[in-house]
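What follows is a short report on a single structure.
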Amino acid sequence: MASTGISTLLNMLFSSHFRMDAGSFTKGLYAALFKTKHPKANALLVLDTEGLLSIEKPNEEYHKKLTFFAMVRK
Numbered sequence: 001m002a003s004t005g006i007s008t009l010l011n012m013l014f015s016s017h018f019r020m021d022a023g024s025f026t027k028g029l030y031a032a033l034f035k036t037k038h039p040k041a042n043a044l045l046v047l048d049t050e051g052l053l054s055i056e057k058p059n060e061e062y063h064k065k066l067t068f069f070a071m072v073r074k
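1 is the number of the first residue of the sequence shown in full-length UniProt numbering; add one for each residue after it.
In structure tokens:
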């Protein structure tokens with residue numbers, strides 16, 4: 001899902017500050033950590049990754065590593 005406005009949506013929903021330049025796309029992975037008042041979760045980690053599995057950049061090994069990194073949890 002490259003260049004579909006996901007960074008814009010995340011910035012609006014979470015008041016994050018992921019980089020958005022005209023005509024650009026996310027490169028790599030950006031992360032923002034937010035504190036919450038939820039009793040079972042004291043923080044929320046929001047990740048913005050570049051277009052995984054996009055046809056513009058077909059690199060299966062890279063996508064696997066980026067997906068794994070995004071899914072690793074404590």
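All C-beta atoms in this analysis are idealised placements derived from N, C-alpha and C, irrespective of residue type, glycine included.
Should residue i be counted as a contact of the ligand HEM given a C-beta to heavy atom distance under 7 Å?
i      : result
Ala-31 : The model on display carries no ligand, and the ligand HEM is accordingly not part of it.
Can you tell which of the options has the C-alpha that lies nearest to the C-alpha of residue i?
i      : options                  : result
Met-71 : Ile-6, Val-46 and Lys-40 : Val-46
Tyr-30 : Glu-60, Glu-61 and Thr-8 : Thr-8
Report back the beta-carbon spacing between residue i and residue j to the nearest angstrom; my notes put them in contact at under 8 Å.
i      : j      : result
Ala-43 : Thr-49 : Incorrect: roughly 19 Å between the Cβ atoms, too far for contact.
What does a CB cutoff of less than 7 Å around residue i pick up in its chain, not counting 5 residues either side in sequence?
i      : result
Leu-33 : Ala-43 and Leu-45
Leu-10 : Ser-16, Phe-18, Val-46 and Asp-48
Cβ of residue i less than 8 Å from any chain B Cβ?
i      : result
Met-12 : Annotation note: the requested chain B is absent from the structure, which comprises a single protein chain.
So who's on the other strand from residue i, going by DSSP bridges?
i      : result
Leu-13 : Looking at the DSSP assignment, Leu-13 forms no beta bridge with any residue, so it has no partner.
Lys-35 : Ala-43
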